[in-house]
Every structure is written in structure tokens, then in C-alpha cells.
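Novice: Residues in the sequence shown are numbered consecutively from 718, following the numbering used here.
Backbone N, C-alpha and C fix where the C-beta goes; we use that ideal spot for every residue, glycine too.
It should be emphasised that the depicted structure is a prediction, and the values quoted were computed from it without experimental measurement.
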Amino acid sequence: MSVYTHVTVGSNDLAKARQFYDIVLGQLGLNRLMDLEENGSIWGDKTPAFFVLRPANGAPATVGNGVTVSFQAPNREVVANFHTAAISAGGRCEGQPGPRSWAPHAYAAYARDPDGNKLAVYCFEPA
């Protein structure tokens, strides 16, 4: 059983965010399932899993200090592809693909989306 129904990040530029996440989440097999007009969009496999929204209170979207949204990858190649896609789509590097020492076989990469939200992608399979 999954613990979460979905994760949401904020955006101040939905057009740019939609373009970025279409490319980046596509590396994980996630597709844009729905647009919520000018309020945001939803990505997932068959069910909603990741939302990008304008804040409901009308204030600008801001980045949470210490917040990272981490996705699971089936293998290390997908980790590298996700990272490359994120940088190519206008994100910035926050950590090159490579081993992470905190868990056995952990292999990850980090990037920030165009709004500055911190993303990670992890694979826990042996090389």
C-alpha cells in the first residue's frame, strides 16, 4: 500500500512548468492526465500522483527550504535520463547522478525545476 495519494508543488509559470514536467516525468513513464485550466496540471500513470498548482491563496508560489520531492526509478539509466531531461528542459543541477551512501545500492540525481522546487530520482537496485 502506498502512503501518499499525491504530491503537490507550486508554480508561478504554468506554461513553463507543464513543458518541464511533460519532458521530465515522461522519463519515469508518467503522463499529464489533466489540466485544471489556469490553476495547474496533474501527472501520473493511471491515477493522479503529482500536481503542479498555482497556490490557492493567490500568493506567489515559493520553495520549501529542506523540501525535496523524490521519484523512484526502475534502474540507474532512468536516473541519468531524468537528470539530463531536467537540465535540458530548463532545470538546474543539484547533484549529479551517482551513488548515495545512506542506503544500500542507493543511486540518485537531484535537480531543481524552473520554479526552484527540488527534485530527486532514486534507484535502489544493484548496478
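1) Just curious, the alpha helix (DSSP H) that Val795 is in, first and last residue?
2) Beta strand (DSSP E) containing Phe767: first to last residue?
3) I'd like to know whether the C-beta atoms of Ile727 and Val796 end up nearer to each other than 9 Å.
4) Please determine, among Tyr827, Phe841, Gly815, the residue with the shortest C-alpha to C-alpha distance to Gly808.
5) Shortest alpha-carbon distance to Ile759 belongs to which of Gly833, Pro816, Ala837, His723?
Specialist: In brief:
1) Within the sequence shown, residue 795 is the residue found at index 78, counting from 1. Its alpha helix (DSSP H) spans residues 793 to 805.
2) Here residue 767 corresponds to residue number 50 of the sequence shown, with the count starting at 1. Here the beta strand (DSSP E) through Phe767 covers 765 to 770.
3) On the sequence shown, position 10 is the one that residue 727 refers to. On the sequence shown, position 79 is the one that residue 796 refers to. The amino acid occupying residue 727 in the given sequence is Gly; Ile does not appear at that position. No, Cβ-Cβ distance for Gly727 and Val796 is not below 9 Å.
4) Along the sequence shown, read from residue 1 onward, the residue named residue 808 stands at position 91. Among Tyr827, Phe841, Gly815, the Cα nearest to that of Gly808 belongs to Tyr827.
5) Position 42 of the sequence shown, counted from the start, is the residue given in the question as residue 759. For Ile759, the nearest C-alpha among the options comes from His723.
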